[in-house]
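> Once you know that position 630 of the sequence shown is 630 in full-length UniProt numbering, the rest is easy, because the numbers rise by one and skip nothing. Note that CB positions come from ideal geometry on N, CA and C, so glycine has one too. If you're wondering where the values come from, they're calculated on a predicted model, not measured in any experiment.
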Amino acid sequence: MDDTDTSMGELNPGVSLRMGPVDEMEVDPPATNGNGTKRKSSMNGKSYKDATESEDDDDVPLTKRRRTSKKAASDSEDEPLAKKTGRKPPKVTAQQIGEDDDDSDVPLTKKLAKEKADIEKKAATQAKAIRAKKTVKAEEPEDSDDVPLKKAKAAPKKKTNGVKKEESSDDDKPLKKAPAKRAATKSQSATPAASAKKGKKAAKEESPEDKEDVEDGEEEYKWWEDTAKGDGTKKWTTLEHNGVVFPPEYEPLPKNVRMRYDGVPVSLHPEAEEVATFFGSMLNSTHNVENPTFIKNFFTDFKKYLDDTGHGTNDKGEKVKILKFEKCDFKPIFEHFEAERAKKKAMTAAEKKELKAIKDKAEEPYMYCLWDGRKQKVGNFRVEPPGLFRGRGEHPKTGKVKTRVKPNQVTINIGTEATVPAPPEGTNWKEVRHDNEGTWLAMWQENVNGNYKYVMLAANSDVKGQSDFKKFEKARELKKHIDRIRKDYQRELKAELMADRQRATAIYLIDQFALRAGNEKGDDEADTVGCCSLKFENVTLKPPNKVVFDFLGKDSIRFYDEVEVDAQVFKNLKIFKKAPKKDGDDIFDRLTTSALNKHLSNYMPGLTAKVFRTYNASWTMARLLQDMKATGTHAEKVKAYNDANRRVAILCNHKRTVAAGHAAQMEKVQDKIDAVKYQQYRVKQMMLALEPKLKKKKGAEWFALPEGLDEEWQKKHHEDLVEQERQKITKKFEKENEKLKAEGEKEMKPKELDERLEAATELEKKLKNELKTKKVEPEGKGPSVEKYEGQIEKLAVRISNMELQAEDRESNKEVALGTSKINYIDPRLTVVFSKKFDVPIEKFFSKTLREKFAWAIASVEEDWEF
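1) Please classify leucine 457: does DSSP put it in a helix, a strand, or coil?
2) Alpha carbons only, please: which of Asp301, Asn380 and Ile358 is nearest the one belonging to tyrosine 368?
3) How far does the beta strand (DSSP E) with valine 547 in it reach, from first residue to last?
4) Whole angstroms is fine: what's the gap from tryptophan 855's alpha carbon to phenylalanine 866's?
5) Starting from valine 831, trace the alpha helix (DSSP H) in both directions and tell me its first and last residue.
6) Does the segment 714-722 come within contact of the segment 685-703, defined as at least 3 CB pairs closer than 8 Å?
7) Cα separation between phenylalanine 294 and leucine 497?
8) Where do the ends of the alpha helix (DSSP H) carrying alanine 499 lie?
9) Measuring alpha carbon to alpha carbon, tell me which residue in Leu534, Arg516 and Thr505 is nearest valine 611.
10) Based on the DSSP secondary-structure assignment, which residues constitute the bridge partners of proline 265?
11) Starting from the Cα of asparagine 545, find the closest Cα among Glu564, Phe469 and Glu537 and give me that residue.
12) When you compare the segment 479-495 with the segment 832-839, are there three or more beta-carbon pairs, one atom per stretch, that lie closer than 8 Å?
13) Should the segment 389-400 be regarded as contacting the segment 414-432, the criterion being three or more beta carbon pairs within less than 8 Å?
14) Beta carbon of alanine 504, beta carbon of glutamate 492: below 7 Å?
15) Terminal residues of the continuous beta strand (DSSP E) containing lysine 345?
16) Looking at the structure shown, is asparagine 823 part of a helix, part of a strand, or coil, going by DSSP?
17) According to DSSP, simplified to helix, strand and coil, what is residue 930?
18) Just list the alpha helix (DSSP H) runs in the segment 727-813, keeping only unbroken ones of 4 residues or longer that don't cross its boundaries, in chain order.
19) According to DSSP, is aspartate 561 part of a helix, a strand, or is it coil?
20) How many whole angstroms separate the CB atoms of isoleucine 412 and proline 424, which I take to be in contact at a CB cut-off of 8 Å?
21) Mark asparagine 769 as exposed unless 16 or more other C-beta atoms lie within 10 angstroms of its C-beta, in which case mark it buried.
22) In this structure, how does DSSP classify leucine 688 when only helix, strand and coil are distinguished?
23) What are the partner residues of asparagine 413, as DSSP defines its beta bridges?
24) Answer with buried or exposed for methionine 347, where buried requires no fewer than 16 other C-beta atoms within 10 angstroms of its C-beta.
25) In whole angstroms, what is the alpha-carbon distance linking threonine 730 and glutamate 755?
26) Report the three-state DSSP secondary structure of glycine 465 (helix, strand or coil).
27) What whole-angstrom Cβ distance do glutamate 636 and leucine 804 have, given they're in contact under 8 Å?
28) Report buried or exposed for lysine 464, applying the criterion of at least 16 other Cβ atoms within 10 angstroms of its Cβ.
29) Return helix, strand or coil for alanine 856, following the three-state DSSP convention.
30) In the DSSP output, what is tyrosine 368 paired with across the bridge?
31) Determine the DSSP secondary structure at threonine 540, reduced to helix, strand or coil.
32) Throw me the rounded Cβ distance for the alanine 617 and serine 820 pair, which I believe falls under 8 Å.
33) Buried or exposed, going by whether 16 or more other CB atoms sit within 10 Å of the CB of glutamine 626?
34) In whole angstroms, what separates the C-alpha of serine 859 from that of alanine 609?
35) Are the segment 251-262 and the segment 299-308 touching by the rule of at least three beta carbon pairs closer than 8 Å?
36) Look at valine 320 and glycine 312 and say whether their C-beta atoms are less than 7 Å apart.
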């Protein structure tokens, strides 16, 4: 939004202009804190036919999304990072939050400010109502429903450490027993027609994997109906598992494949050769192998291996000392691995299936454990193979060698009565523990950062589900206290004690702009910061009330946000930056994350800064869904949900930088839409071939070629159609041959394939003739105008859905919908939307997410409230 859109006085503080325009900064120009990096675009190869289907990347994790491109350092150290990168962060548009263009003259910030203010006002109202209701229930006799509210409010209140101690009420229980039971017995209480309908649908959708527990005679365990369980420190009574799977030992390269040094092929000791293959096999990952930090760290570690193993030898057996990275040539290694990858890709489907079956059989004993006698899926039972550490963003240790994990580094956690899994022959475990307060099965310490790696249960397990459940229940609990917290920090923004003022300012920023709290980092760790660890150079002040945040956040991903704050917050930040503070000094020098969280825990047990992100996202979504009236097709309803999700992402600052390949992806999406429009055009031409008088009846415009689909486009499209047909015929032929071979029958000869491919040649001739004559011959069995009209209607619906999805994707280019939906919005709200508006949950959650959030899907009905 331009500054000319409205005066500063009209703008409501507390609304982010994140990724908004970067203007000249005359006050406190910040030094940069690391370069933004762009993640590589990854496009899966698909056939032309597959390309007509829409894709949804909502479930892509944040860490897998693309980052901003790395640019050369600017000569000026005082310029903001956005200027150094040579581009301005994108603006938030009205379209992105589902607004119509009718009120486009109203500044977007004012729309969002009013919406956010209304939502916060409702939050305060509800918090007071909940506490008032609790007080009434505490004071009234059990059989009385008529105690006046005012009288109840006037009752004395108990306090603990200055904070009201509140009893829980039935109305505020996370999951009521009655709805849970209704969900469990719904098929019995539903009408026969509804039961039959749902039964057929369930039977159709249920996979063999879904039936596994039923076939094993196990009754589904609905832990969410017993919310008291798991509140103590003891997590299990009995635990049995088979340990971990180690990666295969290193296989030396063929003798003809060697690294070159100064143009000379050299033979290396297997240990050093393995490290060379780590680098050589990833030469196509330019993001890493062209990164100076990555190269420096790799070669430093590589030289240690070379020093320990005697460097290399040439063909004459003479020692070759490898001292300079510039003289190393890893291309022969890369070419070897590329050839191996090509061989694997060229394998037949049957061969791939056979290899997978062998692997699955070998790993099957490790896939499940017995947790308190119940079969639970294990998540990451494979020990990470050795390689080069990549890290995220601008990690200072990227490129360092991750060493092979040995059994004597692994600690096993298992029940006292269980059989301890045997380590590989000739080795021992580091330790065997019986820690029933831990939810891990095995652990080891990796060498690069010294972090501990744990083998845990899968995301769809009871334990993981309970963890998510408790996280969202804690956010629900915060809604009872949010008004007092906001009132307190607003008051303490003017506190005389500087420590209190800093704490209040930090809570304001965390609550209003979704900043993470941040933790202290060591000198050898990535230079990432959060609210409490903001440095002098990370904050730029622009009078009268604008603040620019520019720093490396979680996972070393750049956080850039230009926001408008309360006048008192702006004043405080100016004080916190006052001389003699300089670059490198903390803004909040009298505040730590632990102190902040300790203060928050006074409002409610377990409250920490990170709960605000979950609460704000879930509460905002709940208010939006409450007022929503989604109508139309499933696609239109899904778009309505995504519009609400988008508002949450913008209001709660879940933003992302526009992907480098977004424009190209949108072009491909438009190509798919154009292909269906052309298909519709051809069907209309077939109608004309059957009944020429229709042109006069429906009008020439109805039969006209869609805009943009000129002769050049049609030629290219025809080539694609022919190639698609060839691939389809060839794949079918190969599949049939594989089946014949598996059944021990004689395979078809290549001549059969040539004969089949004649159909593609005929199609090519037909399309060329169409382009020449501008006429399309009727196709299909029993062609008729009525049949073609039905096809046109179906294609029109398909085009409409694709255009809706394209609009959705364009709106999502700067908004991380997946981050909001998976990590911060209570999944039960998505389930409520699904049930309320009769949209299959599959439209919102992938199979993996449906397993992860099985507790949410099974535990609530459409009348559930956050």
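On the basis of the data shown:
1) Counting from one through the sequence shown, the residue named residue 457 turns up at place 457. Note: leucine 457 maps to strand in three-state DSSP.
2) Sequence index remark: in the sequence shown, residue 368 carries index 368 (1-based). Of the listed residues, the one whose Cα sits closest to tyrosine 368 is Asn380.
3) In the sequence shown, the residue the question calls residue 547 occupies position 547. Note, valine 547: beta strand (DSSP E), 546-552.
4) Walking along the sequence shown from the start, residue 855 turns up at place 855. Walking along the sequence shown from the start, residue 866 turns up at place 866. About 15 Å.
5) Along the sequence shown, read from residue 1 onward, the residue named residue 831 stands at position 831. 827-836 is the extent of the alpha helix (DSSP H) around valine 831.
6) no
7) For the purposes of this step, residue 294 is taken as the residue at position 294 of the sequence shown. For the purposes of this step, residue 497 is taken as the residue at position 497 of the sequence shown. The alpha-carbon atoms of phenylalanine 294 and leucine 497 are separated by roughly 46 Å.
8) The residue given as residue 499 occupies position 499 in the sequence shown. Its alpha helix (DSSP H) spans residues 498-513.
9) Here residue 611 refers to the residue found at position 611 when the sequence shown is read from its first residue. Checking every option, the nearest Cα to that of valine 611 belongs to Arg516.
10) Along the sequence shown, read from residue 1 onward, the residue named residue 265 stands at position 265. Answer is Arg260, bridged to proline 265.
11) One-based indexing of the sequence shown puts residue 545 at position 545. It is Glu564 whose Cα lies nearest to the Cα of asparagine 545.
12) no
13) no
14) Counting from 1 along the sequence shown, the entry for residue 504 is found at position 504. Counting from 1 along the sequence shown, the entry for residue 492 is found at position 492. Yes, they are a contact pair.
15) Indexing the sequence shown from 1 puts residue 345 at position 345. Segment 331-346 is the alpha helix (DSSP H) holding lysine 345; no beta strand (DSSP E) there.
16) Residue numbering aside, residue 823 sits at position 823 when the sequence shown is read from its first letter. In the three-state reduction of the DSSP assignment, asparagine 823 falls in the helix class, which pools H, G and I.
17) There is no way to answer for residue 930, as the model of the chain reaches only from 1 to 866.
18) 750-773 and 785-811
19) Residue numbering aside, residue 561 sits at position 561 when the sequence shown is read from its first letter. If DSSP states are grouped into helix, strand and coil, aspartate 561 belongs with the strands.
20) Within the sequence shown, the letter at position 412 stands for residue 412. Within the sequence shown, the letter at position 424 stands for residue 424. About 13 Å separates the two Cβ atoms, so there is no contact after all.
21) Taking the first residue of the sequence shown as position 1, residue 769 is located at position 769. That one is exposed.
22) In the sequence shown, residue 688 corresponds to position 688, counting from 1. Note: leucine 688 maps to helix in three-state DSSP.
23) To locate residue 413, count along the sequence shown from 1; it is residue 413. In the DSSP output, where bridge partners are listed per residue, asparagine 413 has Arg433.
24) In the sequence shown, counting from the first residue as 1, residue 347 sits at position 347. Around the Cβ of methionine 347, a 10 Å sphere holds fewer than 16 other Cβ atoms; the residue is exposed.
25) Locating residue 730 in the sequence shown gives position 730, counting from the first residue. Locating residue 755 in the sequence shown gives position 755, counting from the first residue. Answer to the nearest angstrom: the Cα atoms are 11 Å apart.
26) Within the sequence shown, numbered from 1, the residue matching residue 465 stands at position 465. Glycine 465: helix per DSSP, three-state reduction.
27) Locating residue 636 in the sequence shown gives position 636, counting from the first residue. Locating residue 804 in the sequence shown gives position 804, counting from the first residue. Confirmed, Cβ separation roughly 7 Å.
28) Translated into positions along the sequence shown, residue 464 becomes position 464. Buried.
29) Working through the sequence shown from its first residue, we reach residue 856 at position 856. DSSP places alanine 856 in helix when its eight states are reduced to three.
30) One-based indexing of the sequence shown puts residue 368 at position 368. Looking at the DSSP assignment, tyrosine 368 forms a beta bridge with Lys377.
31) In the sequence shown, counting from the first residue as 1, residue 540 sits at position 540. Of the three classes helix, strand and coil, the one that applies to threonine 540 here is strand, per DSSP.
32) If you number the sequence shown from 1, residue 617 lands on position 617. If you number the sequence shown from 1, residue 820 lands on position 820. Sure, about 6 Å apart at Cβ, within 8 Å.
33) Here residue 626 refers to the residue found at position 626 of the sequence shown. Result: exposed.
34) To locate residue 859, count along the sequence shown from 1; it is residue 859. To locate residue 609, count along the sequence shown from 1; it is residue 609. The alpha-carbon atoms of serine 859 and alanine 609 are separated by roughly 28 Å.
35) no
36) Against the sequence shown, residue 320 aligns to sequence position 320. Against the sequence shown, residue 312 aligns to sequence position 312. Contact flag set, yes.
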